[in-house]
Every structure is written in C-alpha cells, then in structure tokens.
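Participant:
Numbering (our numbering), first residue to last: 10 to 1210.
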C-alpha cells in the first residue's frame, strides 16, 4: 500500500476528520466495487437521528447553569451569595441565595420545558418507519437506523426520511414529482429526474443487482446546490460516469406526489441533511431596551460601589474614637485585634456591598423574560392578523425583540410577493412590433367571459406569420411547467372549465404559468412532457412533438433560461427567455428597437417584461454544446463556475422574436400601509431585483412616491453620461439646497417636513458607490450617498442581488445615527437582509417559506405590518420601558433607607429590614403587579393607534428610556426613600410608645418603613395604570393583602425551623398603635404627592399628544367615532414648531377639501350633544366606516385605495 492510500485511510477513519475530506464516496447498497475498480474504503457517517434539542438528561444541569451564569447580573449575585457564605455579613445568605435560586429555577424550567418539547418532536420523527431494500426484499426499520448507502423505497404522499439520490421511478420517463412545502413553503410540484442508466430498475430484485458508487461533496446547507457523480459498474471494465445535480437530489422533509413509488439511495443522513444544516441557530439580536438596561445596571453598580466605599470610610472615621471602636460591652477578640486594617477594611467593604446589593434588581431579568415570552402570544392570538386564504396567522420566532417593533426608523421591503401579490396575470405579448392581448388570463385560471381574443395591430408581414408561430412555440417549450388533470387546490377543483375536464399548469414560478396560459388563449396549447418529448397543440389543432434535449435552468445571476429542442423534422432550436438586460446584449438580429420600445412602455406601466429569442443549431454545433455541458456537469470542483461559463458561450448570437408582459398586482392595503408608515416617521426603502421602470411604477401605485415627488436617479445610465463623482455631488447639492441645515431629528428619518425627493439607484451603481476607490476619494462616496438618502422621503433600489440588499441594510445600520432597521420580504433572496436588520419579518408568500423561517416574526400579508408596528410595537415598548424604570425605582426606594440607616447605627452593617422582607420584596410583594402591567397596559385605545400613525413618533429613538427620564425615576426613588426613613424617624422621635407603654424597637421601625415602601411603590404603579381590568385589581390589591397576611403569619406564629424569631409579634404591635396607622397613610400620601402634582401640572400646561388623546378618549370613550380627526388633538407646540405643516402640498392620495359635508350621527339615547365640542366636528380625509351610523355626502373627487 502506498503512503497516499494509507493517509486517506487514516484520515477517513479518524474521528472528526471527515470534514477535512472535500468529497465523500457512497457505496450503493453497501456493496464493494468490483475487484480492481477502486479501493474499498468505507467511511463513517452519522446515523439518521435528528437532534434539535439543546440538552440531554445528563448535561442539562451543568450546561444550563453555565449558560445562565454567563449573564452578568446572575454572575454578580452568585459572587454576592458566595461572599455571604464565606465572610461574616450582616444579612443571611438566604437573602441573596433565594432570589437567585428563584430566577435560575424559573429560567431553567422554561428552557427545560422548551427542550423537552423538542425531544418529543425529535422522537416522533426518529421512530417513523422507513422501507429499505436488503437482499432483494423490503425491510421495515425505524428512521433513526437508516445509514448512508441504504436503498430506500418511498411511496406516494410519504416524506423522504433523509437526503436521497433518485435511482428509479414508477413513471416511465424516470421522473417524480415532489412538493417542498415543509422546506421552503412552495406547494407547487417540482420535477426531479432519475439517473438515466438506473431508471429501468423498477423492482426490488433489480435494484438489488445495481453495482454503483456515488462521489459527491460533503454536506452543505444550500438547499438548491448539489454536485456529484455516479459511477455505474456494468459488465465492462470501466464504469459509466454520470453527473448528479440538484435535479437528482430529494431532500429530507419533502413529499412525493403523483408518483406511485421511487427507489433512491441515502447520501446525507441525520444532522448532515440539508434541512438539519439549515436549522442552525441564527446570530443573537439585542434590542435597544436591553442595551439601555445594561447601561443602567452599570450606573447602579457604580452607585452600589460608591455607597459601600462611603460607608466603609465613614465607619473607620467614626471608629477613630476608641470608645466607639471598642465599647466596654463589645470588646474585640485577640484575633480581631491582630488582623491587618486593610483586610478588615476590605471585609467591611464586601459586607456593605452585600447589604446594599439589592439595588441591582436580579428579578428584573426574569420578569423581562416572562413579559417577552408571554407578551409574544398577543401577536399570535391577534385575529386581525389571521389570513383566511392561507389559514395562518402571525408567528413569533423570537420574543426577544418585541419592544424593538416600537422603535423602527427604516423599513426595507422587497417588491415582488411583498408589496405585490406574486399572482401573475398575462397582459400582452409583442412579436416583431405586433401586439397581442388576450383577455382575463390569471395564474392558470381562465376567467368567465374570456371567450374572445383581442388582437391589436395583428397584421404581420410576409415572414411575420412564421416568426409569430415561432414565438408562440418558444413560450410553449421554454419553461419548467408541469401539466396536471383536475387538480384540487384548497378544496376547490381547478381545471374544470365549462363542464369539461382540462389540464392545469403547475410551476414553481407564477410567471411561467401565466405565460403558458397566455399562449393557450392565443392558440398554442402546451399538452405534456412524455418520454422526453414536449407536445404542443397548434392553431390548426395539430399535435407537434419536440424532443427536449437540454434545459439551461434559470438563475438570478444570468436572469434567463434556455432549452434546446429537436423538432420532428430534425432541426435543432435553442429558445431563450429572460430579462431585457440579459437578452438584448446577446441579440444579433430582429426588430430590436420596436420590441425595446414596447418593453420600456410596459415597464413604465408597472408590468413585468420578458424577452424571447432563438437560434438554430446545426448538428455539429449541437454536438459541441453537448460536449461543453457534459464536461461542466461532470466536474466535482467549481461546477457552478464551469456551467456559468458554458451557458455564457452557448447563449449567444440570438435572433429576437419578441417580448411578453405580465402584471403583478399590488397586495391589498399595501398603499395604505406604506402611507401609515410614512406618517409614523419611518423611511421606507424598496429593494428589488426588478427593472427600474417596473419598480418605479409599483412605487407610485403603492404611494411610496407621490405625484409631487421629485425623482433623483443614481443609475448606470446616468453614470455613463457623467462620472459618478459629479453625479453624487449634483444630487447632494440639489437636496441640501432645499433643506439647508439638517437637524438630528431629520437625519434620523423622523421628520415629516421633507417629502419632496425620491431616490432611485440600481445595483451596478451601488457597487461603485460602496467600492473603495484606489485614489482614496471613494471613502467619501458612501457618506455623500448616505447624506442624499437621509434627505429623501423614499428610496428605490432596483436590480439588486440578494447580498446587495444586506449591504444596504448594513450601511444604514452603521451610519452615525445608528437607526433601528426592519427588513421584510417573502423569498429566499430576502433572507440575507432579514438576518442583517435589527428586526426581520418574513411574509408567508408564494416564493417559499425561507424568509418566514429565518425571520424574527412572520406575517401572512404586508398589510399586517401596520398593526404589528403601530399597535403591538407601540404597546410592547411602552410596557417594557415602564417595567425597566419601575424596577430601578422600587429598588432605590427599597435600599436607600438602608443606606441612611447606617448613619444612625454607627455603620455597623445592621440591616433595617428583616431577612424575610429582604428576600421576598422582589419575588412576591412587588413582582406580580408590574408583570401584569407590562402585559396588559393600553395607555391609548388600539383603534386610535391605528388611525393616527403619528403617535408612533412619540416613542421613537428610545424616548422613554433616555437618561433624563432615568434620572427623574432615580431621584423620585431617592425622594420617596428619604420620606419613608426620615418621616418615620421624626414622627416617632418622641412618641415611640404603644398604648401599653412599650417602646418601638429597631425591627418595628424597619417594618414601618417597609410597610410604607410596599404600599407606595404598589400605589405608584396603580396611578400609572390607564387600562384597568379585574385582573389588575386582583393583582394590585391582592399583593398588598398578601403582604399584610404574610406579615401577620410571619410574626404571629412561632416557627419551629427558626433558631431565633426577631419579628415575633412586631407587626401586630405596630398595627396596635394609632400613630403608626396615621404615619403609614401620611407618608404614603407625601411620597406620591410630588409625582401626582408634576403629572397634573404637565398635563394641564404642557400636554403631550398622547395625554391629549387620553383625556379625550377617557371623556368620550363610548362615543368617539371613527371619522374624528386625531390631528386636532395634537399638542399645539408641535404645530408651532413646524409652521410649514399648516398648509402641506397636496398629495396624490389626498383629494381637495370638499366644500360641504353633511353628517348625521346617532349617539346613545339621552346622551349629551358631543357635536358642540370643537374637537369632534372635524372629519378625517379618508373616513373609515365603524359601528356608528351616518350619512356622508362629499362633493368633489375621491381617491380610492
């Protein structure tokens, strides 16, 4: 054995070395190749077990603990707990240990339960039965026992258990039909092909005689890429080599359709299947609120260290007097006297850290997690976001970003399938300048009343008839459409027209179906693909057969597809269809100018256009083409690159036939949604691979661009006439001349003043802008481009590659304002930008489910984005910002009296509160009210938020978690703490006696302060609550009642498990004192008074938009009608700031104000006359009908959406 063979053998057998090998060899049926053919070196592959779970029974505890203690707050409390165990501290280790244990346990239970569900799902998959061929017989096994190399039999409607190479099919042509709905959501049938030399093996015995090996690449996550070859050993010495590609690969999770059964060999199993590789966890995204929380934690950590440091220094200053340091009743031991002062100081410092450590709210993390987790269900339960057509509602893939939905500043959206329906309707075709328009062809369905055919300018010249028929034949042959009889889709039988059964076309591309149906209406019907022959029926009802020789599949780089066919007369044709930019440069003859003019005309109308061309091939040319393709397909290395080069050399020198136009309609309420996002202060960018004219027309239709929008072009066409540097500076001067000096608010996209400019940029120019220049000047292009974009109300990026979409998002994310970005799309080409944006939203569209799978949230339609951001996002942000500020506030109230108490107890680290109170304050007494508040609070009615998008601006830029508001809450906590402590101190300075003459002790004093504390922080939350339900009442008053009952039980019973009971009878003794009752009520009122006064004054003198609407909504909650214009309720100071908004320029969607409106409104019987209030006699420009009954008469033009 030579050394190279030995090295291969060792590398293949050594564990962990498989990844080093760039390809694998699979022995079909585990049979050794014939002697002398090649060395038989079996490789070790994983079994077919799927593992989506994170933990096992054995590693759950250590692994989960490790992950939880990676969080700074948890680790910090663990250190504090260990310090309490090691040194003599003023508080029991239980006070830190129990809250930490509670947080760790709750999180572990939540994560353990989620993982148990994953285990359950894994087991149900791994134990599914599969049928394997062994020794010519079918053997039934569990899915997890399947191995690479096993030959599997799959029957119709069964799911593929692993990644398989198709060997043979029950269909004569060796094809099978598959749906990949569980992989990418595409319910259409895709065709897969058996290996030509094995498709005749149709029985178990025949399959068992197959001698072959497969060489293929190691597992890759790309679902649409596969490179391999099969070596088939027949009687001859040399094996027959055949290429294998993605058309031969059946993916795990896909389902067999319309095929009785197939035989296939397993090549990737278990966690190496493409499906499993695609389920790898995505990078963690962190919200702006979480970043603010961490910043606040650092501030409070600094405050904690400062407190501990101040107390430590003051303790040693106070103990400088020997009488204080060592009084007669508390003399030090010899050991204590000999300890070094630095060690004593450090120990004291740690003890103070332990005493004050509750200022860091560890339970805040678990509350926030529970709030996010439980709050996410409100999106999935929302009936308004349920789509009847799909039968699905919104999905939440991650609950960590709920509040980020309320902070979005830039929205990046795809066009096709996102703004539009991806439901194609054939409009017209143009052949040599002659235009043909059939009626009512829509996605494979012939609409009623479509019996006639409208021919415009249909008078072709002498040679025109031949070209016309060649064009129709090209569209009937150049596609990947399948034909089905009587297909039932969603319970409705399609394909039955006027009582007769007809064929139905199915394809993964809606465009192709629309084109083939269009040809059917124009007289050329595609019938079927049978035995590698495509059959079409011409106008004379004659059947024409063409042998399908090669398919050059469509890809997003070439933007075209071709087929090579052989006619019954023996002529070879290469037909090509594709985007105009991909076809026109390759055309050498034909009526190019006439077709180009029609294509441009259709693009401006917003239609999707394709060009069709052909060329005849001689037998010699065809042989050359075959040789090029086969050599490229057989390559294991760089196959895609070689195929691209082969396609490039083959698809040349075309004769142009004509062009087609199909329409992709706008989604329902897409224009209304974009208009609402604009009013909410968001900038909307459309990123599409479509051509500029088509995309621009869609942008006008969807109100992204308005009639008065001045369009700025940064396109290849313009940069060819003028260099990029000059174009950029011209555009920059144009926008800055209008806007002058820019404020930060404007730069961040939250100003509503400038709606004058719209920018259009294409992919090629974007690459030039982002590409660093060798002269060093290119670095400025990016900044100039960003400056232009900031000052445009909308941006359209066309001809974008998927990676460029992500680059755009990354560019805006990294700009100096660091705005919050949201990306929304429905196809695989949108995944990169969805993963790049702060918030990624996938649409459950016709282009598949990759976007929905990789997103943070998934919604059925684009229109649902409006409610998700303006309502759910708004509520989530308001709730969690209050939760965060409130947690810090109540912990300052809690721990600052402890700090003040040290000045009155000789800095002896004496706790003010009992151990039970220290432990349960954050866990029990004050946790549930804020959790319920953060789940249920609605500061403004949901309908108002939807009707007035500008309210979204009030919470933009993390406005409720800014430093001034944080400082206000902190000082409010300090003020309340001072009131609790000194109020109790001075009230009982000379009257510390109960009715029986007993004096109040330190525990009674601490209990009094704690009682005032619990009541104050709970009532503070009650004052902040706008939306009251019985649950709020139950939780808020129930928490106070629980505190009282607990205190009575804790101090009223002698507990056997306690060594000493310092709280015995303390609470009852306190309540038996009249002055204690008075002081509790008085101190609670004094503590809450400043905040109430501040709110009342601000609301009366400087009300915000939200507060005005709250007042109006509270006053007329049951009578506020849908047509009330909420703009009348906006704060006056906002209007004074922007005088130019008083008379805005008219927009496309806005009709001129009607001269007269009549209103009849039926209010509740006997109710007051609300029409006397000036705020309620204004009417919105676009009224929405609600429950109120009214008659509405408005002369003048109306704009329909």
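Virtual Cβ for every residue (Gly too), placed ideally from N, Cα, C.
(1) Give me the Cα-Cα distance between residue 243 and residue 225, rounded to the nearest whole angstrom.
(2) Assuming residue 138 is part of the beta strand (DSSP E), what are its boundary residues?
(3) Touching or not, the stretch 222-240 and the stretch 31-39, by the rule of three or more beta carbon pairs under 8 Å?
(4) Please list, in chain order, all residues of the same chain as residue 815 whose beta carbon is under 6 Å from its beta carbon, the five residues on each side excluded.
(5) Using only CA atoms, which one of 836, 864, 839 and 860 lies nearest to residue 848?
(6) Specify, as a first and last residue, the run of the alpha helix (DSSP H) that residue 93 falls within.
(7) Taking C-alpha atoms, which residue in 56, 72, 55 and 57 lies nearest to residue 63?
(8) Could you give the DSSP three-state label for residue 390: helix, strand or coil?
(9) For the alpha helix (DSSP H) containing residue 327, name the first residue and the last one.
(10) On the CB-based measure, 16 or more other CB atoms within 10 Å of its CB, does residue 798 come out buried or exposed?
(11) Select from 605, 609, 622 and 618 the residue whose C-alpha is nearest the C-alpha of residue 595.
(12) Measure the CB-CB distance between residue 660 and residue 741 and report whether it falls below 8 Å.
(13) Measure the C-alpha to C-alpha separation of residue 134 and residue 154 and round it to an integer number of angstroms.
(14) Residue 484 by DSSP, collapsed to three states: which one?
(15) With DSSP run on the structure shown, which of helix, strand or coil describes residue 978?
(16) To the nearest angstrom, how far is it from the Cα of residue 199 to the Cα of residue 563?
(17) Is the beta carbon of residue 487 closer than 8 Å to that of residue 625?
(18) Quick one: what's got a C-beta closer than 6 Å to residue 168's C-beta in the same chain, skipping five residues either side?
(19) Between which residues of its own chain and residue 467 is the CB-CB distance below 7 Å, once the five residues before and five after are set aside?
(20) Can you tell me whether residue 396 is helix, strand or coil according to DSSP?
(21) Let's test the definition: count the other Cβ atoms within 10 Å of the Cβ of residue 539 and tell me whether it reaches 16, buried, or not, exposed.
(22) Using only the alpha-carbon positions, how far apart do residue 9 and residue 1097 sit?
(23) For residue 222, name the three-state secondary structure that DSSP assigns.
(24) Buried or exposed, going by whether 16 or more other CB atoms sit within 10 Å of the CB of residue 321?
(25) Would you list, in sequence order, the uninterrupted beta strand (DSSP E) runs of no fewer than 3 residues that lie entirely inside the stretch 125-190?
(26) Quick check: what's the CA-CA separation for residue 177 versus residue 257?
(27) Determine the closest residue to residue 87 out of 941, 108, 308 and 670, with distance taken between C-alpha atoms.
(28) With DSSP collapsed to three states, give me the class of residue 421.
(29) Once you ignore the five residues that flank residue 253 on each side, which residues in its own chain have a CB closer than 8 Å to its CB?
(30) Would DSSP call residue 673 helix, strand or coil?
(31) For a test of the three-state rule: what should DSSP assign to residue 248, helix, strand or coil?
(32) Thinking C-alpha only, which one of 632, 644, 531 and 484 is nearest residue 571?
(33) By DSSP's criteria, residue 771 is part of a beta bridge. Which residues make up the other side?
(34) Report the three-state DSSP secondary structure of residue 515 (helix, strand or coil).
(35) Would you mind listing the beta strand (DSSP E) stretches within the stretch 593-638 that are 3+ residues and don't spill past its ends, in chain order?
(36) Whole angstroms is fine: what's the gap from residue 302's alpha carbon to residue 967's?
Facilitator: Judging by the given coordinates:
(1) 21 Å
(2) 138-143
(3) yes
(4) 841, 842 and 845
(5) 864
(6) 81-95
(7) 72
(8) coil
(9) 297-327
(10) buried
(11) 622
(12) no
(13) 12 Å
(14) helix
(15) helix
(16) 14 Å
(17) no
(18) 264
(19) Below a pLDDT of 50, predicted positions are generally treated as unreliable, and residue 467, at 44, falls in that range; no measurement from the model is reported.
(20) strand
(21) exposed
(22) Because the chain is modelled from 10 through 1210, residue 9 falls outside the range shown and cannot be assessed.
(23) strand
(24) buried
(25) 138-143, 146-151, 160-164, 172-178 and 184-189
(26) 10 Å
(27) 108
(28) strand
(29) 174, 204, 223, 225, 235, 236, 237, 238 and 239
(30) strand
(31) coil
(32) 484
(33) 807
(34) strand
(35) 596-598 and 617-626
(36) 12 Å
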